[in-house]
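All letters in the sequence shown, in the order written, are residues 0 to 259 by numbering that gives the first Met the number 0.
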Amino acid sequence: MAELMRLDREGPVGILRFLQPEKRNPYSIAFVDNLVSCLREAEQDDTIRAVIMTGGEHFSSGGDLVGFQTEVAKGARATSEMVDRVHDGGRAAYLFRKPLISAVCGVAYGAGLSLAMSADLVVAAEDSRLCEVFARVGGCPDTGSSWLLQQRAGAGVARMLVLTGREIDGLTAKELRVVEECVPAGRVEARALEIACEIAAHPMFGVQTAKRVMRAAAESSYLEALDIERDAQSVLLCAHDFPEAMKAFSEKRTPAFEDR
């Protein structure tokens, strides 16, 4: 079987490369299994402080509809179990504790777009092609896209993109707040790496806590968010990095962080 993805290292940054751009990196069960395994490896490697996901010329064309037919033919129960297994990929990406950045060139359709949006930040090529393709094939959103898209772009934009099945380019995606940054295609991975290195320079305990707080607060009320922030910040204020930062500030020097 052809290798589907590989975890490379660029200094403190892990680069998760999808290796079938000529096939547009279909989101198959094997792809999901490899994705979960690579993210687990990156999470357990303390030398990796942030991760970029990239598919090269194409991020992912979405669900492997041909490959899924065998399970669908077995009936509703098998189909439900298959979809839940497919969702393991999005779960692994969304719950990944370290900063995760998607670098999107070419197509990001359906589950491929969901995977891109499950990251903390998305850097897209100006000419990339993003599409909530489900309505075109008689389906509805899955792999978390119904929630992820509304979180990023709002309910109205999400409904428009889902119900029309409209393809948008990276520039439009940036205008609609589906992605955070948009650059020429030749700059996508380099820009994602710049951002990842910027994040990786900070104390990791604080960064990972900040990511967890932001995710939890996004699903909470304002008052609940205050409680989430209080609990997390109380731990960080007593940890080794924050006290060192406060001490360095008072002594007018650069902090000497231990969590590096």
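C-beta: ideal position from N, C-alpha, C; glycine also.
When DSSP builds the beta bridges, which residues end up paired with R8? According to DSSP, which records beta bridges pairwise, R8 is partnered with G13.
Are G89 and A124 touching if we call contact CB-CB under 8 Å? no
Measuring CA to CA, which of E56, P140, I47 is closest to K22? E56
Let's see if you can read the secondary structure: which residues bound the alpha helix (DSSP H) around E40? 28–43
Assess contact between the region 91–110 and the region 185–199, defined as three or more Cβ pairs (one per stretch) separated by less than 8 Å. Is contact present? yes
For R128: DSSP bridge partner residues: V106, D168
Measuring only the C-alpha atoms, how far is A216 from I227? 7 Å
With respect to the alpha helix (DSSP H) encompassing V71, which residues constitute its N-terminal and C-terminal limits? 64–71
Check this for me: beta carbons of A134 and L148, under 8 Å apart or not? Judged by their CB atoms, A134 and L148 are not nearer to each other than the 8 Å cut-off.
Does DSSP put L3 in a helix, in a strand, or in coil? coil
Three-state secondary structure (DSSP) at C196? helix
Can you grab the Cα-Cα spacing for the pair P183 / V106, in whole Å? It is roughly 15 Å from the alpha-carbon of P183 to the alpha-carbon of V106.
Decide if M0 is buried, meaning its Cβ has at least 16 other Cβ atoms within 10 Å, or exposed. Confidence at M0 is low in this model, with a pLDDT of 48, below 50, so the placement of that residue should be treated as unreliable; the coordinate-derived value is given next. M0 comes out exposed.
Express the C-alpha separation of E174 and I167 in angstroms, rounding to a whole number. 10 Å
CA-to-CA distance, Q232 to F204, given in whole angstroms: For F204 and Q232, the distance between alpha carbons rounds to 11 Å.
For E228, write down the residues that DSSP places opposite it in a beta bridge. In the DSSP output, where bridge partners are listed per residue, E228 has none listed.
Should the region 108–116 be regarded as contacting the region 17–31, the criterion being three or more beta carbon pairs within less than 8 Å? yes
Using 8 Å for Cβ pairs, my map puts E197 next to V122. What's the rounded Cβ distance? With a Cβ gap of about 12 Å, E197 and V122 do not count as contacting.
Considering only their Cβ atoms, is the gap separating A172 from L129 smaller than 8 Å? yes
Separation of L6 from Q207, as counted between CA atoms: 20 Å
Find the nearest neighbour of C139 within the set Y93, I14, R229, T163, judged by alpha-carbon distance. T163
Specify the secondary structure class of T53 as computed by DSSP and reduced to three states. strand
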